[in-house]
Amino acid sequence: MATESVAALPLSKAVLSMEIDPPGNGAVLGNVAPEDWRNALNKVVPAVVVLRTTATRAFDTEAAGASYATGFVVDKSRGILLTNRHVVRPGPIVAEAMFLNREEIPVYPVYRDPVHDFGFLQFDPGAVQFMEYEEIPLAPEAATVGLEIRVVGNDSGEKVSILAGTLARLDRDAPHYKKDGYNDFNTFYMQAASGTKGGSSGSPVIDCKGRAVALNAGSKSASASAFFLPLERVVRALKSLQQTKDESKVGWRPASIPRGTLQMTYVHKGYDETRRLGLKRDTEQTVREASPAGETGMLVVDSVVPGGPAHKQLEPGDVLVRVNGEVVTQFLKLETLLDDNVGKDFELEVERGGLTVNVTLKVQDLHSITPSHFLEVSGGVLHALSYQQARNFRFTCGLVYVAEPGYMLSRAGVPKHAIIKKMAGEEILKLENFIAVYAKLARGARVPLEFQSYADRHRSKSVLVTIDRHEWYAPPLIYTRNDATGLWHSKPAIPCPSISPASPNIPLDAPYDEKTETIEPTSSPVGEAGAADGDVLRASVASKESGGTSPTLQGGEVVGAVALDGQPTEADIGRVEPKRRRVQELVGDDATTITDNASGRVEGGTLSARGTVESTQTVDERGGAHGSSASLAEHVIEPTLVMIEVHIPPSAMLDGVHSQHFFGTGLIVHHSQDLGLVVVDKNTVAISVSDVMLAFAAYPMEIPAEVVFLHPVHNFAIVAYDPSALGPAGAAAVKAAVLLPEPALRRGDSVYLVGLSRSLQATSRKSVVTNPGAALNVGAADCPRYRAMNMEVIELDTDFGHAFSGVLADELGRVQALWGSFSTQWGIDEDFYIQVKYGDSSPEDHQFVRGIPVYPVSEVVEKIINGCEGGPPLLMNGLTRSMPLIRILEVELYPTLLSKARSFGLSDKWVQDMY
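What follows is the structure, given as structure tokens:
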């Protein structure tokens with residue numbers, strides 16, 4: 001089925017799916033000499049310009065992006081260009097016009113019609129210094145069926161194309177381009193056969209006298225039909241602009257062009273169809289006598305926008321008979337009456353199923369329901385729902401519309417084109433309501449948000465929105481359009497110091513001794529709607545390690561507990577009841593103390609742990625008699641596991657990160673009163689510029705965390721959290737794992753793989769080590785990105801899939817290795833060399849899992865906890881700690897056979913020693 005499309009051409013090589021096909025060859029009518037066309041085109045071509053436009057923000061019906069199109073000069077002395085509305089766009093744009101001699105000048109929007117597909121751009125006439133050109137006069141009255149025409153424009157990006165055609169229809173229905181974008185309505189279009197493509201939007205459709213009789217707008221991509229906008233309303237708007245310019249003397253001031261509406265759509269139906277809708281024959285005879293000769297039908301109500309003047313007064317199928325006592329059968333006459341009666345009562349007579357219905361409606365100002373400002377928050381764009389989209393989606397005008405979700409809303413799953421209904425329990429009816437609610441929330445607060453989608457408009461959906469904890473984006477700004485300059489001016493949406501954390505910020509440029517002060521926890525200003533009852537901290541940091549590549553250490557605001565009221569929902573009760581009983585047993589009557597449960601190491605079979613670590617006997621008593629070692633290991637490991645969710649803002653997609661959202665299992669390696677540390681693979685935490693959330697297997701709560709360490713070459717990272725954010729019960733339930741770095745695993749050793757499902761249920765499986773020292777060699781990707789190198793990994797005898805991660809532990813639940821995820825763009829060959837597919841424009845990302853020995857992890861954790869002399873300082877939970885220095889060789893090593901190493905010069909002695 002052919003699709004109708006608009007004819008702007010994108011800057012990329014790929015042609016928009018929305019194309020326009022202006023007029024092609026048609027029959028030459030009349031006695032027009034070739035010399036007449038030559039003279040006309042000599043005047044017209046210099047006045048036609050190529051428009052290069054860049055929409056800097058998504059707004060209303062249009063997405064952000066760049067495109068080519070066409071415009072032409074309609075007033076030389078005042079500097080006015082005419083083009084399509086979908087070229088001028090309703091939102092902020094940067095545009096320039098290129099004349100025939102390649103002179104380029106900036107142009108600025110001064111008017112775009114709220115409904116019809118035309119708009120005006122202004123330029124400085126004095127800026128065109130090296131070319132003579134004339135303006136193209138507008139002659140809408142010259143358009144007749146059979147008129148030979150030429151379409152002059154930037155067809156297919158060719159700068160100047162001249163295409164011939166013949167007007168075939170003057171009463172075509174307005175083209176429908178797409179269901180969630182701009183569509184013209186309540187007007188006729190002209191039609192001609194042609195062969196134009198993208199880039200011809202805004203081209204003048206001229207006759208042999210060099211007059212513009214229509215404006216090229218759209219086409220059917222699967223046929224040669226082109227659609228042209230009539231110019232009657234364009235002429236009216238141009239006269240108003242010219243008058244405004246003359247009155248302003250210097251510069252421009254916003255033009256007042258009255259536009260009225262009843263918020264309903266009419267279609268033109270033939271008399272036979274209107275009779276089937278119930279039109280009485282007497283009424284038809286009266287209309288035929290009062291209408292111009294050649295009239296073929298009447299206007300019928302097609303749709304009514306909810307909440308508009310015609311809502312509940314008119315219905316689809318109503319046949320319009322009279323307006324203010326006058327018979328009206330044409331769009332132009334109806335629109336003229338509406339524009340001339342803005343704010344006044346309008347008397348309509350319609351026939352509905354054979355009955356005459358009279359209604360009185362007040363004509364609404366169309367500009368009042370066309371948004372001229374928007375809110376930019378966290379990279380997203382929100383504004384009042386426009387008449388265009390309200391008509392498309394069947395919603396009331398003025399509701400809060402998501403033109404672009406940005407980071408904060410997309411992270412919560414709010415789609416583009418959504419309508420926000422509630423936030424933090426408060427009803428959102430207009431943009432001011434949203435700003436007022438947002439202003440009450442602290443950074444890091446998690447609040448419920450209710451929205452509706454036009455694709456499922458009868459059902460509301462609820463999600464949890466996390467207010468940005470970090471300043472990834474500028475503070476919320478309100479942008480307002482200035483029609484005098486064509487620019488958009490910004491101002492803060494929320495007076496400072498709103499959207500502030502619950503405790504004072506520590507300046508990033510403060511000296512380190514100033515940053516060592518402990519920040520006392522304070523309550524969040526969120527209130528009951530979304531309380532965050534932990535500390536709010538400020539971390540600084542960018543450490544530079546000596547001796548080669550160093551991990552990036554960054555911090556930001558860390559908000560404490562982010563679960564609503566810090567309690568599980570009713571849906572979680574059944575699943576967490578056993579865990580709740582265990583928590584109550586752990587806490588007992590005194591729930592005010594936090595166990596100092598830190599990481600431990602086993603040397604020579606003796607358990608040595610910093611802090612208090614539960615013994616196997618204690619766990620067995622609390623968990624009951626265990627029938628197998630697998631269940632014992634699972635029971636010991638479960639309180640030490642967390643599910644880590646990582647979101648990376650689009651503005652921080654660094655180092656070749658291949659996604660914005662990651663999930664993975666982490667292991668708690670330290671848990672004390674003032675600090676918690678979790679180790680995880682770098683395929684889950686790829687960069688420090690990210691938002692990290694921890695969901696604990698031992699306690700139903702989610703809290704934020706900060707990335708504090710990224711190993712430069714090995715596949716593990718460490719994130720820190722504030723244990724006090726868990727509350728006394730949660731802090732007591734959560735445990736740190738006992739690490740067993742020595743003795744190292746050997747071939748044939750039995751291990752237990754313990755991990756978490758998405759529902760935070762621990763699962764375990766027994767396996768056998770087949771290769772404790774497999775050399776890992778991950779090839780370079782097409783896009784530079786992190787890859788693990790210079791490390792040996794552990795292989796098991798069973799393939800547990802590529803998605804399950806966790807830890808490898810012995811029968812007592814002591815962790816010997818991480819079962820971490822690795823990422824590559826290709827697969828794995830028999831020699832365990834990770835192959836990368838080069839030259840592929842869309843290489844696939846593949847995951848695989850291997851064991852990561854815990855020894856390097858334990859060394860780093862120990863240095864973070866105890867501090868290391870000379871290490872870079874990092875603020876964690878209000879205390880400055882010295883981070884470990886990682887020294888690496890600036891080389892990448894790969895495994896090879898001894899026989900090949902001999903060819904490289906390895907001595908016989910070394911060969912004998914290593915064999």
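Just so you know, the sequence shown maps onto residues 1 to 915 in full-length UniProt numbering. For each residue, glycine too, the CB sits at the ideal point set by N, CA and C. None of these values were measured; they are calculated from a predicted model.
| query | result |
| --- | --- |
| According to DSSP, residues forming a beta bridge with residue 172 | 189 |
| Element boundaries [alpha helix (DSSP H), containing residue 863] | 855-866 |
| Residue 847 beta carbon near the ligand PLP (any heavy atom closer than 7 Å) | Ligands displayed in this structure: none; no statement on the ligand PLP is therefore possible. |
| Option nearest residue 764 by Cα separation, candidates 637, 76, 108 and 340 | 637 |
| Assigned secondary structure, residue 252 (DSSP; H/G/I helix, E/B strand, else coil) | coil |
| Rounded Cβ spacing between residue 327 and residue 299 (contact assumed at less than 8 Å) | Actually they do not touch by this definition, with Cβ atoms about 11 Å apart. |
| Residue from 421, 687 and 457 whose Cα sits closest to the Cα of residue 787 | 687 |
| Paired residues, beta bridge with residue 236 - DSSP | In the DSSP output, where bridge partners are listed per residue, residue 236 has none listed. |
| Where residue 89 falls: helix, strand or coil (DSSP) | coil |
| Three-state class that DSSP yields for residue 648 in the structure shown | coil |
| Which of helix, strand or coil DSSP assigns to residue 115 | coil |
| Status (buried if at least 16 other CB within 10 Å, exposed otherwise) for residue 360 | exposed |
| From 214, 197, 426 and 199, residue whose alpha carbon lies closest to that of residue 191 | 214 |
| Spatial distance of residue 899 from residue 707 (CA atoms) | 44 Å |
| Under the three-state DSSP convention, the category residue 414 falls into | coil |
| Simplified DSSP assignment, three categories, for residue 622 | Unreliable positioning characterises residue 622 in this predicted model, as indicated by a pLDDT of 34, which lies under 50. The coordinate reading is nonetheless provided below. Residue 622: helix per DSSP, three-state reduction. |
| Simplified DSSP state of residue 364, which is helix, strand or coil | strand |
| Sequence ranges, alpha helix (DSSP H) only - wholly within the segment 700-747, length at least 4 | 727-733 |
| Rounded C-alpha distance that separates residue 345 from residue 234 | 26 Å |
| Sequence-distant residues of the same chain with beta carbon closer than 7 Å to residue 639, five excluded per side | 697, 698, 733, 734 and 735 |
| Integer-rounded CB distance, given that residue 817 should sit under 8 Å from residue 745 | 7 Å |
| Where residue 108 sits in the DSSP three-state scheme | strand |
| Three-state secondary structure assigned by DSSP to residue 37 | helix |
| For residue 806 and residue 769, the rounded distance between their alpha carbons | 16 Å |
| For residue 155, the three-state DSSP class (helix, strand or coil) | helix |
| Proximity to residue 645 [Cα-Cα], best of 232, 684, 172 and 136 | 684 |
| Three-state secondary structure (DSSP) of residue 917 | Limits of the chain in this structure are 1 at one end and 915 at the other, which puts residue 917 out of reach. |
| Burial state of residue 922 (16 or more Cβ within 10 Å) | Residue numbering for the chain in the displayed model covers 1 to 915; residue 922 lies beyond these limits and cannot be assessed. |
| Beta-bridge partners of residue 271, as assigned by DSSP | Answer is none; residue 271 lacks a bridge partner. |
| Straight-line gap, residue 364 to residue 119 (C-alpha atoms, nearest Å) | 21 Å |
| Residue 37 to residue 79 span [Cα, whole Å] | 26 Å |
| Residues near residue 302 in its chain [Cβ-Cβ closer than 7 Å; skip 5 each side] | 265, 266, 267 and 316 |
| Start and end residues, beta strand (DSSP E) containing residue 765 | 762-775 |
| DSSP bridge partner residues for residue 166 (one or two, in chain order) | 148 |
| Beta bridge counterpart(s) of residue 479 as assigned by DSSP | 374 and 490 |
| Cβ-based neighbour list, residue 279, same chain, cut-off 6 Å, excluding 5 preceding and 5 following | 319 and 351 |
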